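Asks: Mind having a look at this structure? Questions to follow.
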Amino acid sequence: MFSLASRVHISNAAEYQMFYYICDHFTHAMRKKTVNLFQQIQGFEFNENFASADNAQRFGNLMHESLRQYHSLSAEIHRISEKSQTVVPVYQRVQPLLRPVHGVVLCDYKTNHYGLRAGQHVIVLDNNASPSEIPSCEDQTISSECSCSLTATEMKTDAESPSKASAGIIDDRQQMSELADLDTVPRVPSSLTSSISSSSSSIAEVGCSATFCSHQEERLWKVQTSDGKNELEVPAVCVMLCETDQSAISTAFDLCEQLTRIWADTIDIYLESTVTLLSGYLKYLNTSEHVDVESKMIFEQLLKDIEAAFPAARAPSSEGNRILHELVTSVRRKLNETWTETRELTTRIRVKSSHVASYRRVLQKLKVCFTRH
127 MFSLASRVHI SNAAEYQMFY YICDHFTHAM RKKTVNLFQQ IQGFEFNENF
177 ASADNAQRFG NLMHESLRQY HSLSAEIHRI SEKSQTVVPV YQRVQPLLRP
227 VHGVVLCDYK TNHYGLRAGQ HVIVLDNNAS PSEIPSCEDQ TISSECSCSL
277 TATEMKTDAE SPSKASAGII DDRQQMSELA DLDTVPRVPS SLTSSISSSS
327 SSIAEVGCSA TFCSHQEERL WKVQTSDGKN ELEVPAVCVM LCETDQSAIS
377 TAFDLCEQLT RIWADTIDIY LESTVTLLSG YLKYLNTSEH VDVESKMIFE
427 QLLKDIEAAF PAARAPSSEG NRILHELVTS VRRKLNETWT ETRELTTRIR
477 VKSSHVASYR RVLQKLKVCF TRH
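Just so you know, the sequence shown maps onto residues 127 to 499 in my numbering.
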């Protein structure tokens, strides 16, 4: 009976450790992807007076890939946040409680004076209570067997579990983070499993005696029934804390904040790079007397997209936006003159619709980046 309860605690400790292992692994992966992304952005050499369609296409592909990675990281953050709501605060089993917490009884436990049933909700008042009265074998019965032989041996598992599985790895999330090895998946310590099997074998060997009863489990929890009528002292292994782990929730929130800041910095870089890219392209078009386009409608749509993406009166980048609008106005004037001019011009620039599509794609990806922020 107690061995089953011990397995629940060991499983909770393993899930606790796995949660922080996943958080550490996610932090490492996010940092690695961010560094790689910024290096790729810095690899682009944008010229303020010239921009090629090839640069625009590669830049649009980079923005698309970064969006894909951001969606992947966001989905992982969502899973971590959901998991943080179910992590059991196992570290509270070995740290003094600052306030009463809710718990649930894992197995039937009864004496001649009181009894608790599995699944019963209680309020844990103290997780380090000193026994006010140690019941004798005659007073305490569990499942029609001598409770001292079952309690003392099986409760040894719970006493060892906090010392081996909890004391070193769950004092706080910083220690857990230091113990999480990114190259190996954490496993439940084999010493805990062996302690369960050894305790099970000792049940049949150890009899009820006064000497053995004097070594009963010292760690008792003082609990109160949900109706508030009774306060009882029960072995710690019988009760599981069922409140949410605020440390786990804070960890998930911090990871979300980190990703948000990284994405905000990425958008700023994309915004600055897009302005440089478009300025170079428009300045290049302004160097020609004649702008020859395959489709005037498609090119006009590009100019409208630029004006919509960078409003001239919007602070704090209103100066850069104003320059872009002046360049757009100048190019549009050349475009209109091209369709009405009959004289032969000395310089001519041929604008392909495929090139226009590359620049429009950059603006579309930039818009998506802002919507995801």
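The C-beta atom is built at its ideal place from N, Cα and C for all residues, glycine as well. These numbers come from a predicted model, not from an experiment.
Of the residues Val-349, His-481, Glu-383, which one's Cα is nearest the Cα of Leu-501?
Replies: This structure gives no information on residue 501, because the portion of the chain shown stretches from 127 to 499.
Asks: By how many angstroms is the C-alpha of Leu-381 removed from the C-alpha of Lys-209?
Replies: As a working mapping, residue 209 is identified with position 83 in the sequence shown. As a working mapping, residue 381 is identified with position 255 in the sequence shown. The alpha-carbon atoms of Lys-209 and Leu-381 are separated by roughly 13 Å.
Asks: Would DSSP call Thr-212 helix, strand or coil?
Replies: Against the sequence shown, residue 212 aligns to sequence position 86. Residue state, collapsed to three classes: coil.
Asks: Looking only at C-alpha atoms, which of Thr-370, Leu-199, Asn-187, Val-457 sits nearest to Lys-158?
Replies: Within the sequence shown, the letter at position 32 stands for residue 158. Checking every option, the nearest Cα to that of Lys-158 belongs to Leu-199.
Asks: Going by the CB atoms, is the gap between Ser-414 and Ile-475 shorter than 9 Å?
Replies: Counted from its first residue, the sequence shown places residue 475 at position 349. Counted from its first residue, the sequence shown places residue 414 at position 288. Closer than 9 Å, so yes.
Asks: Tell me, which residues are paired with Gln-218 by DSSP?
Replies: To locate residue 218, count along the sequence shown from 1; it is residue 92. Gln-218 is not bridged to any residue.
Asks: What would DSSP say about Asn-181, mapped onto helix, strand or coil?
Replies: The residue given as residue 181 occupies position 55 in the sequence shown. The answer is helix: DSSP assigns Asn-181 an H, G or I state.
Asks: At a cut-off of 8 Å, would you count Gln-168 as near the ligand NAD, judging by its Cβ distance to the nearest heavy atom?
Replies: As for the ligand NAD, it is missing from this structure, which has no ligand bound.
Asks: Are the CB atoms of Gly-169 and Lys-491 within a distance shorter than 9 Å?
Replies: For this step, residue 491 is matched to residue 365 along the sequence shown. For this step, residue 169 is matched to residue 43 along the sequence shown. Cβ atoms of Lys-491 and Gly-169: not closer than 9 Å.
Asks: In whole angstroms, what separates the C-alpha of Leu-397 from that of Glu-141?
Replies: Along the sequence shown, read from residue 1 onward, the residue named residue 397 stands at position 271. Along the sequence shown, read from residue 1 onward, the residue named residue 141 stands at position 15. Each residue's Cα considered, the two are about 42 Å apart.
Asks: Is it right to say Arg-219 is buried, meaning 16 or more other beta carbons lie within 10 angstroms of its own, or is it exposed?
Replies: Numbered from 1 along the sequence shown, position 93 holds the residue referred to as residue 219. That one is buried.
Asks: Whether or not the segment 240 to 248 and the segment 382 to 389 are in contact is what I'm after, with contact meaning three or more pairs of Cβ atoms, one per stretch, closer than 8 Å; do they touch?
Replies: no
Asks: Using the beta-carbon count (16 or more within 10 Å), is Leu-224 buried or exposed?
Replies: Locating residue 224 in the sequence shown gives position 98, where the first residue counts as 1. It is exposed - the Cβ of Leu-224 has fewer than 16 other Cβ atoms within 10 Å.
Asks: Kindly indicate which residue of His-154, Ile-203, Thr-392 has the alpha-carbon position closest to the one of Phe-496.
Replies: Translated into positions along the sequence shown, residue 496 becomes position 370. Nearest C-alpha to Phe-496: Thr-392.
Asks: Whose CA, out of Pro-215, Gln-165, Ser-132, lies closest to the CA of Ser-376?
Replies: Numbered from its first residue, the sequence shown carries residue 376 at position 250. That would be Pro-215, whose Cα lies nearest to the Cα of Ser-376.
Asks: For a quick check, are the C-beta atoms of Ala-131 and Leu-193 less than 9 Å apart?
Replies: As a working note, residue 131 is residue 5 in the sequence shown. As a working note, residue 193 is residue 67 in the sequence shown. Cβ distance not < 9 Å, so Ala-131 and Leu-193 don't count as in contact.
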